[in-house]
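In this note's numbering, the protein residues as written are 9 to 389. Glycine is no exception: its CB is placed at the ideal position from the N, C-alpha and C atoms. Before any comments, here is the structure.
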């Protein structure tokens, strides 16, 4: 679960990481009031769950309370990469002498938290990694040993920070960032930029904070931060239906039972020259109603021109899946061609049910590769 900047900064503040004072507002007049309370100049920052807001005009400096109101009026309602701005963060403007970058993410390959630090902050970390790889310090932390003082020293010395006061502050912030990462069961805690003011104060000017969805039951306070209105409508519907769904950009709707099989199906569709429209996992124990729910989600996507079912019957019985497909087609009037590959438990019965149905847009195939090719062909790929 991604958090807004203001929410991430609140979690930073709780763990002792210095942040600038600010107010969250949803109306231009409230922006004026917030600017008056904070004292000008202030920065008006769009709150969206995507990057690139600065380039899109979603961050503006206001020299007066009237400017803050005018900028808020411009930014509210703005569309930034498909995200409509409904709230802005009014923050006391900061003078900046230097910009650093500090983040902590979970490295799945190493199964350890990974620190990244560079004195080249304020730009995309991918750009730094590509153009100045030697300027980026990468450091894993053994989760059993936890964060130790030497980790902080390795970061600041490796990054080339020479000022003793800055070294001390960055080291302290790194320790607090690790504490926040562990306590909140986060997947990413990023500060870009981590600024140094002209008087030598180090402070987090921005926040990207991502929490593991699977851990939210242990963090009801963080779970309450989820903005259901900002979620992709299809993914919100899938969550409501209990379906595992991720929206992609293609034309072939993909549905499988089990995450591994579904991921393989997405890969095979790409391999044969198609473009997957989604990742949709029916789960290991899918029944007829589960198929109906999954198809309801998939067919809501206007980009989908063909659907590829790839079912291996283990816990899931293929005859149940076949009945679910027919039930869904009957209930929903699905017009897109549906390619079905059934294998495993009761596969022959499932294929018989589909074959005798007389539904013209059902196309059974024997193998995953043949099914993917047929689906791509029917989608016009």
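Note on residue 233: 16 or more other CB atoms within 10 angstroms of its CB, so buried under the neighbour-count rule. Between residue 353 and residue 325, the C-beta spacing is below 9 Å. For residue 14, the closest C-alpha among the options 131, 218, 226 is that of 218.
Boundaries of the beta strand (DSSP E) harbouring residue 121: 120 to 126, taken from the DSSP string. For residue 303, the CB contacts under 7 Å within the same chain, skipping 5 residues up- and downstream, are 336, 340, 342 in chain order. When DSSP states are grouped into helix, strand and coil, residue 86 belongs to the coil group.
Taking the Cα positions, residue 59 is about 14 Å away from residue 135. A contact between stretches requires three or more CB pairs, one per stretch, nearer than 8 Å, and the stretch 36 to 55 fails this requirement with the stretch 242 to 250. For residue 135, no beta strand (DSSP E) run applies; the uninterrupted alpha helix (DSSP H) run containing it begins and ends at 133 to 139, by DSSP. Taking the Cα of residue 284 as reference, the smallest distance to any Cα among 54, 129, 315, 305 is reached at 315.
Cβ contact annotation for residue 387 (same chain, cutoff 7 Å, sequence separation greater than five): 259, 260, 282, 313, 314, in chain order.
Per DSSP, the unbroken alpha helix (DSSP H) holding residue 249 starts and ends at 241 to 249. Annotation: residue 237 to residue 10 spans about 13 Å, alpha carbon to alpha carbon. For residue 194, the uninterrupted beta strand (DSSP E) run begins and ends at 194 to 204, by DSSP. In this model, residue 271 and residue 256 are separated by some 12 Å (Cα to Cα). Straight-line spacing of the CA atoms in residue 371 and residue 115 works out to 41 Å. Residue 111 is positioned such that its CB atom lies closer than 9 Å to that of residue 200.
Here residue 22 has no same chain residue with a Cβ atom under 6 Å from its own Cβ, once five neighbours each way along the sequence are excluded.
Residue pairing of residue 284 in beta bridges, as defined by DSSP: 260. DSSP places residue 318 in the strand class (E or B) of the three-state scheme. Boundaries of the beta strand (DSSP E) around residue 111: 106 to 115. With respect to the 9 Å criterion, residue 42 and residue 133 are not classified as neighbours on the basis of their beta carbons.
Per DSSP, the beta-bridge partners of residue 217 are 197. Measuring C-alpha to C-alpha distances from residue 119 to each of 147, 107, 141, 231 identifies 147 as the nearest. In the pairwise beta carbon analysis, the stretch 186 to 196 is classified as not touching the stretch 163 to 175: fewer than three pairs are separated by under 8 Å.
Taking all protein chains shown into account, residue 140 has fewer than 16 neighbouring C-beta atoms within 10 Å of its C-beta and is therefore exposed.
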